[in-house]
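Report on one structure; see the data block that follows.
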Amino acid sequence: MASFANRPLGDTPDGKTPDPIEIPWIDIHQHTQSLTWNDREKFDLSGARAAVMIAAGYYWAPYRPVSADDVRFLWDDALRRAACFDHRHFYDQYVAVGVHTWAGVEGAEDLLAALPEYCADERVVAIGETGIESTHHTVGWGLDEQRDVVREQMHVAYETGLPILIHTPGSSKGGLSARYSHSYEEANESFTDPLLDPETAKRDAVEIDLELVDEAGLPDEQVVIDHASPQIVPLVLETTDCYLSFSVSAPWLRGFDPADVASAIEEYGSDRIVLDTDLIGAMEHDAFAMKRTIMDLCRLGVDREDIRTVVYENPSKLLDID
Ligand SMILES: [Zn+2]
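Be aware that the sequence shown starts at 1, since it is given in UniProt numbering, and climbs by one per residue.
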């Protein structure tokens with residue numbers, strides 16, 4: 001593990017000039033609708049083959065209680081926008097549909113009832129993001145209510161065969177503190193009191209999510225535990241068959257760096273590790289984040305086949321797209 005942590009990123013392990021990088025990538029999690037034309041052009045320029053837009057992932061903007069109609073509008077809006085994007089860009093734009101737990105949603109049961117119908121759309125390749133959250137924007141959501149909403153989406157995943165993207169809370173451990181970040185979040189402090197101990201919230205939430213996976217009878221292979229940090233790597237990769245995804249556009253928020261990704265690949269292999277960006281316009285962001293991370297992993301000496309596996313082969317298999 002230490003071999004990656006101490007290696008300077010500016011040099012390849014053998015000090016030789018590396019071959020050009022021509023590794024394609026698929027981003028399973030981004031908030032594409034909040035980005036710009038220029039960002040999407042950078043995906044084309046840096047090897048993107050496909051990207052998944054989270055249709056209703058982030059109820060940050062309205063500053064008011066979120067209703068089922070609001071979320072339904074966001075789902076429809078994402079599908080409309082995706083159709084525009086892929087006529088004008090060179091990667092394929094897909095959509096994930098779900099009920100996020102960032103804020104309490106009034107009438108969420110109406111959304112859950114409509115979800116299977118949306119899953120039938122050929123552009124919808126995943127459910128999510130969703131998953132137990134500790135703090136909430138605008139209106140809180142109790143753990144029991146969140147359990148019901150997340151479990152029901154896992155049932156829909158079971159019925160439809162689609163993968164489900166499980167959001168996990170921000171990490172308070174490791175990395176640069178979120179208070180140095182440039183975003184519209186207030187030092188990553190949400191507006192409601194945390195339901196889980198902030199020191200262990202990510203791990204605690206994953207443990208609940210995994211209970212729900214069992215309750216729903218959902219095969220682990222359909223589950224992506226997202227926003228990975230070193231805190232949950234052994235839990236997910238040693239005790240489950242779920243995928244584990246590192247969100248590379250905000251490592252300071254998630255508490256990891258490329259050396260942690262390299263270490264996870266070295267220790268557990270690349271078969272169940274994924275990289276996504278979670279790019280979102282409400283934070284300082286880098287549309288080249290995926291490509292830069294690919295380069296960092298090359299500089300760290302990670303085998304190129306393993307890199308290709310985590311940024312392209314695994315996402316392709318998971319989403320069932322070419
Ligand atoms: Zn997200």
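Every residue gets a Cβ at the ideal spot worked out from N, C-alpha and C, and that includes glycine.
Secondary structure at Val156: helix, using DSSP grouped into helix, strand and coil. When rounded, the separation of the alpha-carbon atoms in Gly15 and Leu275 is 26 Å. Between the region 46–53 and the region 86–95 there are three or more C-beta pairs closer than 8 Å, enough to call the two in contact.
DSSP places His87 in the uninterrupted alpha helix (DSSP H) bounded by Ala68 to Arg88. The Cβ-Cβ distance between Leu297 and Ile307 falls below 8 Å.
Look at Ser247 here: in three-state DSSP terms it is strand.
Secondary-structure assignment with DSSP links Met295 through no beta bridge to anything. Shortest gap from the CB of Glu129 to any heavy atom of ligand 1: under 7 Å.
With respect to the 8 Å criterion, Val156 and Pro116 are classified as neighbours on the basis of their beta carbons. At a cut-off of 7 Å, the beta-carbon of Asp278 counts as near ligand 1: some heavy atom of the ligand is closer than that. DSSP places Asp257 in the coil class of the three-state scheme, outside both helix and strand. Excluding residues up to 5 positions away in sequence, Ala264 lie with their Cβ nearer than 6 Å to the Cβ of Val233 in the same chain.
Proximity of the beta carbon of Ile208 to ligand 1 is not indicated: no heavy atom of the ligand is located closer than 7 Å.
Scanning its chain for C-beta atoms nearer than 7 Å, with the 5 sequence neighbours on each side dropped, one finds around Arg81 the residues Gln33, in chain order. Here Asp204 carries a helix assignment [DSSP, helix/strand/coil].
Arg40 and Ser316 have their C-alpha atoms roughly 19 Å apart. With fewer than 16 other Cβ atoms inside 10 Å of its own Cβ, Asn6 counts as exposed. The shortest C-alpha to C-alpha distance from Ser46 to any of Arg292, Gly255 and Gly301 is the one to Arg292. Of the candidates Gly281, Tyr118 and Leu74, Gly281 places its Cα closest to the Cα of Thr36. With a 10 Å radius around the Cβ and a threshold of 16 neighbouring Cβ atoms, Glu215 comes out exposed. A contact between stretches requires three or more CB pairs, one per stretch, nearer than 8 Å, and the region 246–255 fails this requirement with the region 191–200. In the DSSP annotation of this structure, the continuous segment of the alpha helix (DSSP H) that includes Ala114 starts and ends at Ala108 to Cys119.
Separation of Met290 and Pro24 (C-alpha to C-alpha, rounded to the nearest whole angstrom) is 10 Å. With contacts defined by Cβ atoms closer than 8 Å, Thr12 and Arg299 form a contacting pair. Taking C-alpha positions only, Asp148 is separated from Val66 by approximately 18 Å. The beta carbon of Val139 sits closer than 6 Å to those of Pro65, Ala103 and Gly104, all from its chain and outside the five residues before and after it, given in chain order.
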